[in-house]
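Position 191 of the sequence shown, counted from 1, bears residue number 191 in full-length UniProt numbering, the numbering being contiguous throughout.
For each residue, glycine too, the CB sits at the ideal point set by N, CA and C.
Note that the structure is predicted; figures quoted are calculated from it, not measured.
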Amino acid sequence: MNSVQLNPTPSTARTPLNSFYFPTKNRRFCGSTIRCAAATAKARAFNITLLPGDGIGPEVVSVAKDVLHAVASFNGITFHFEEMPVGGNALDLAGVPLPDETLSNAKKSDAVLLGAIGGYKWDNNEKHLKPETGLLQLRAGLGVFANLRPATVFPQLVDSSTLKKEVAEGVDLMVVRELTGGIYFGKPRGFDKDENGDEIGFNTEVYAGYEIDRIAHVAFETARKRRGKLCSVDKANVLEASMLWRKRVIKIASDYPDIELSHMYVDNAAMQLIRDPKQFDTIVTNNIFGDILSDEASMLTGSIGMLPSASLGESGPGLFEPIHGSAPDIAGQDKANPLATVLSAAMLLRYGLGEEDAAKIIENAVQETLNKGFRTGDIFSSGKIDLGWYCLFQKLVGCKEMGEQVLCSIDSQKLAATQILIKFVVEACGGNADS
Ligand SMILES: NC(=O)c1ccc[n+]([C@@H]2O[C@H](COP(=O)([O-])OP(=O)(O)OC[C@H]3O[C@@H](n4cnc5c(N)ncnc54)[C@H](O)[C@@H]3O)[C@@H](O)[C@H]2O)c1
């Protein structure tokens, strides 16, 4: 076998994380020229690359675009959207799954919102001509090494979870997965023969210190924006790469005295996620463990159509996308649930642009839409839902109607904010706002 090689490093990989933007109180990692400049009160105009992709992608991205427009007018933000091909539609248009123009446009923008790629039509293509290859090229091209996947059980959808209500209720956790290193990329890898002439297949789990440090920083910053608890998951009782992982995470922890750090072996973490998921706030882990645990965590919520994700790098735009695929079985039928993409747009605002208020408005609008009982087919169940404080009847709607309802909820938040403002101004002028 060849000697072990580290994963390919981007040119910026060894720079400290001062180019990583997280809109935290101390702003220690706020150095990205694009994002920080854009996030000031003066310049709040953002270029967003939209990659609708295939299948239900265009349907759900169209809803998310309208939602971003609505929230922008509310918050004094201007968005410039540019739509580019990726995946199967790019293959049809340009013969490749990620045209150069798409990548260069995405790199120049402030954030990228992706729908989904793939479909039956391209399933038998050669690997380099598969839509999925375009997605991997996009992630690599943007250098996004940190994948953030929240798993939130909405109270309105608690019955969709396969877990008992008392276990699933209130689950709100975030998995921070290292995305560009570890065994999926480590070398040597391949097939060979052993000394007896039998076939072997081999891969290499390898992490360099800087790769662990940068994902640890992302995770600590993420925990700081949540409930301040971080659990690092590894297999440090067996694997050297995990031993280094734990050592470096502990070292980075000294920069975050306000965050409560714990460690857990991956086999136990897999069990605890099912046994008592509420114990977790933020989880940080390597590529392969994160792949498995984030899928497991997402299933706690019971609904793939509700789950957003963010992939972030050290500099440049983040990539925001629902975790679901292109759902070719329901594409073009107005049946898709757009909320995972709408919530991805909220993550884009929070983690990509530092627009926390705007992100909250979108999340509140999604909650209100669910509270009113609107459901796409994937989250619909007939009958009454008892929310404790009131009962509601569900209304089955399509993708477009669900989007309209989210926009209505944003409008009502606008109206309420305007009324408060008028009341404040009238009272400040000595009048009685209620009369
Ligand atoms: N990130 C991506 O773009 C991505 C991720 C996974 C799969 N894919 C691709 O998507 C295609 C289909 O893959 P799959 O069927 O394994 O996974 P999928 O996520 O597309 O669909 C799985 C099931 O969930 C349903 N579903 C998914 N999203 C939904 C939504 N928003 N609303 C309602 N129902 C929804 C589908 O109808 C289907 O029954 C394949 O070509 C695959 O390669 C792409």
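Three-state secondary structure (DSSP) of residue i
i, result
"F81", "strand"
"C231", "strand"
"K278", "helix"
"residue 515", "Here the chain covers residues 1 to 435 and nothing more, so residue 515 does not appear."
"G134", "helix"
"A336", "coil"
"F74", "helix"
"Q419", "helix"
"C429", "coil"
"P308", "strand"
"G115", "strand"
"I410", "helix"
"G190", "strand"
"A331", "coil"
"I283", "strand"
"L98", "coil"
"L157", "helix"
"F424", "helix"
"R27", "Reliability fails at R27, whose pLDDT of 29 lies under 50, so the model's placement of it is uncertain and the value that follows must be treated cautiously. In this structure, R27 counts as coil in the three-state DSSP scheme."
"E205", "coil"
"S315", "coil"
"S109", "coil"
Endpoints, the alpha helix (DSSP H) within which residue i is located
i, result
"I274", "V266 to R275"
"T162", "Taken as a continuous stretch (DSSP letters only), T162 belongs to no alpha helix (DSSP H), as it is neither H nor E."
"F223", "Correcting the residue identity first, residue 223 is Ala in this sequence and not Phe. Segment G209 to K225, the alpha helix (DSSP H) holding A223."
"G325", "Counting along the chain, G325 falls outside any alpha helix (DSSP H), and DSSP gives it neither H nor E."
"F289", "N287 to L300"
"A365", "E356 to N371"
"T376", "Taken as a continuous stretch (DSSP letters only), T376 belongs to no alpha helix (DSSP H), as it is neither H nor E."
"R246", "E240 to A253"
"L392", "Unbroken run through L392 is the beta strand (DSSP E), C391 to F393; no alpha helix (DSSP H)."
Where the beta strand (DSSP E) containing residue i begins and where it ends
i, result
"E321", "G318 to P322"
"T49", "A45 to G53"
"M174", "D172 to E178"
"I200", "E199 to F202"
"N147", "A146 to T152"
beta-carbon residue i near ligand 1 non-hydrogen atom, thresh 8 Å
i, result
"D295", "no"
"D329", "yes"
"V60", "yes"
"K127", "no"
"residue 460", "Residue 460 is absent from the model: the chain starts at 1 and stops at 435."
"G290", "no"
"L396", "no"
"L135", "yes"
"T376", "yes"
"D357", "no"
"D234", "no"
"A116", "yes"
"P308", "no"
"A223", "no"
"P52", "no"
"A111", "no"
"A208", "no"
"E321", "yes"
"P85", "no"
"E132", "yes"
"D213", "no"
"D123", "yes"
"G57", "yes"
CA nearest to the CA of residue i, picked from the options
i, options, result
"F320", "A64, L113 and E83", "L113"
"N147", "G318, T369 and L392", "G318"
"V344", "M243, L136, A310 and C399", "A small fix is needed here, since residue 344 is Ser in this sequence, not Val. Ranking the options by Cα distance to S344, first place goes to A310."
"S303", "E126, G313, D291 and S160", "S160"
"A365", "P188, C408 and K395", "C408"
"L392", "R375, M347, A346 and E126", "R375"
"G290", "Y265, E83 and G373", "Y265"
"H324", "M84, A331 and G305", "G305"
"L348", "D54, E221, L68 and A416", "L68"
"P99", "E404, G57, K121 and G53", "G53"
"V249", "D234, V238, D258 and L239", "D234"
"K108", "V144, S298 and I48", "I48"
"Q156", "I259, P58, C231 and T301", "T301"
"K164", "A216, M299 and I252", "M299"
"F74", "I362, A428 and S382", "I362"
"I117", "Q405, A417 and P328", "P328"
"P322", "H128, L312, A340 and R149", "A340"
Near ligand 3: residue i beta-carbon under 8 Å from a heavy atom
i, result
"N337", "For the structure depicted, ligand 3 is absent and the ligand set comprises only ligand 1."
Residue i at chain E interface by Cβ criterion, 9 Å
i, result
"F46", "The structure shown has no chain E; it contains just one protein chain."
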